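Numbering (the working numbering), first residue to last: 3 to 376.
Structure below.
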């Protein structure tokens with residue numbers, strides 16, 4: 003059976019304790035017009051307490067409760083009074099990419115179906131597989147097409163390439179345990195399954211951002227590639243990357259030496275603590291074991307490394323080191339940070355991270371490079 007689109011509840015919720023009843027629930031803080039919640043009369047301030055009789059004390063419980071069926075009996079509180087409504091299921095809307103068709107597929111990984119998303123103008127076009135960073139966030143950008151990362155990726159499809167994405171376990175439509183709990187080898191297996199499902203002889207490129215750039219040379223052994231593009235990545239041991247990053251960012255923020263030493267001492271005591279950057283201890287431990295330097299040396303494909311002047315997450319020297327190992331090219335961009343955006347300075351990026359203007363120059367550079375190797 004084909005993996006269905008997840009339900010389009012269209013409600014931003016926050017866990018709350020309901021004093022009057024002693025229950026825990028999810029308070030609606032924002033509604034999306036035309037989605038299930040708004041269409042069935044739910045309002046901001048309502049507290050969801052049960053779906054089909056099962057308590058929904060946290061977002062994960064709500065997702066599980068809405069995972070099947072065509073309608074749902076929802077119990078909620080409005081100004082302290084308990085109410086009930088039957089909500090008909092609506093599928094999540096499709097992503098829109100200008101000039102391209104978006105197709106939703108799935109692959110099986112360990113008995114769980116994970117979502118694949120292919121946006122293309124021509125099914126025979128070269129494929130660019132997009133490998134995101136470490137955060138457990140969906141790459142299904144329906145209703146989020148304005149995000150800089152989405153604008154970059156969509157730009158590849160608009161330029162004539164087939165853009166392939168895979169949502170990891172527990173994200174978007176994908177089945178499986180929460181992404182925050184899986185390990186690095188499981189994440190790698192998810193991408194390997196998607197690669198294995200591609201047609202034999204397909205022209206294939208990998209684009210890896212941050213930790214996705216660490217995955218890229220490891221996945222490169224799986225298929226013949228036309229090329230690899232890495233943005234904001236390092237070939238060094240993961241633990242060293244984390245420690246150096248903490249030290250660098252504290253110094254950029256003007257923190258005094260005593261506090262820097264104290265924070266580094268806390269890091270050294272448990273460098274791979276569960277929940278760091280939203281990922282599991284096993285994820286960090288396994289990534290630290292990966293010999294990324296050897297993987298880049300073994301890469302048998304052209305490589306391009308995008309280096310931002312205002313990238314304070316990964317040091318420029320680390321990125322250039324990866325390029326040297328891979329015998330690749332380096333493209334430098336003034337003002338570019340680690341989030342596909344441009345700022346006037348590193349200080350500005352630190353202050354407004356993720357709020358800068360989308361940097362189209364990196365997209366144009368990538369498109370030109372991909373065309374030259376297709």
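Glycine is no exception: its CB is placed at the ideal position from the N, C-alpha and C atoms. All values reported here derive from a predicted model rather than from experimental measurement.
Here residue 111 is buried: its Cβ has 16 or more other Cβ atoms, across all protein chains shown, within 10 Å.
When only Cα atoms are considered, residue 198 and residue 270 end up about 39 Å apart.
Distances from the CA of residue 372 to each of 315, 55 and 306 were compared; the closest alpha carbon is that of 306. Note that the C-beta distance between residue 184 and residue 168 is not below 8 Å.
Measuring C-alpha to C-alpha distances from residue 216 to each of 202, 187, 200 and 201 identifies 187 as the nearest.
By the criterion of a C-beta distance shorter than 7 Å, residue 235 is surrounded in its chain by 210, 212, 215, 216, 316, 321 and 324, once the five residues flanking it on both sides are discounted. Considered as a whole, the stretch 252 to 281 harbours 259 to 271 as its complete alpha helix (DSSP H) runs of no fewer than 4 residues, in chain order.
Taking a 10 Å sphere around the C-beta of residue 97, we find 16 or more other C-beta atoms and assign the residue as buried. At the C-beta level, residue 273 and residue 244 come within 8 Å of one another.
The continuous beta strand (DSSP E) containing residue 118 extends over residues 114 to 122. When the five nearest sequence neighbours on each side are left out, the beta carbons in the same chain lying within less than 6 Å of the beta carbon of residue 8 are those of 94 and 175, in order along the chain. For residue 233, the uninterrupted beta strand (DSSP E) run begins and ends at 229 to 233, by DSSP. For residue 303, same chain residues with a beta-carbon under 7 Å away, outside a window of 5 residues either side, are 222, 227, 228, 229 and 230 in chain order. Around the beta carbon of residue 358, a 10 Å sphere encloses 16 or more other beta carbons of the protein chains shown; the residue is thus reported as buried. Spatial neighbours of residue 328 in its own chain (CB-CB distance under 6 Å, excluding positions within 5 residues in sequence) are listed in chain order as 298, 301 and 305. With respect to the C-alpha of residue 334, the residue from 70, 204 and 312 having the closest C-alpha is 312. In its chain, beyond the 5 residues on either side, 345 have a beta carbon closer than 8 Å to the beta carbon of residue 354. The stretch 39 to 76 contains, as complete beta strand (DSSP E) runs of 3+ residues, the segments 49 to 53 (chain order). Between the stretch 65 to 81 and the stretch 35 to 53 there are three or more inter-stretch CB-CB distances shorter than 8 Å, so the stretches are counted as touching.
Here the stretch 57 to 67 makes no contact with the stretch 127 to 143; the two share fewer than three CB pairs at distances below 8 Å. Listed in chain order, the alpha helix (DSSP H) runs fully inside the stretch 99 to 171 are 150 to 160, counting runs of at least 4 residues.
For residue 295, the enclosing alpha helix (DSSP H) begins and ends at 294 to 300. Contact between residue 5 and residue 17 is absent: CB atoms are separated by about 28 Å, not below the 8 Å threshold. Cα atoms of residue 45 and residue 83: separation of roughly 14 Å, rounded to the nearest angstrom.
C-alpha of residue 152 to C-alpha of residue 22: approximately 43 Å in a straight line.
According to the DSSP assignment, residue 17 belongs to the beta strand (DSSP E) that extends over 13 to 20. Counting along the chain, no beta strand (DSSP E) covers residue 82, and no H or E run does either. Per DSSP, the unbroken beta strand (DSSP E) holding residue 31 starts and ends at 25 to 33. Residue 68 and residue 375 have their C-alpha atoms some 45 Å from each other.
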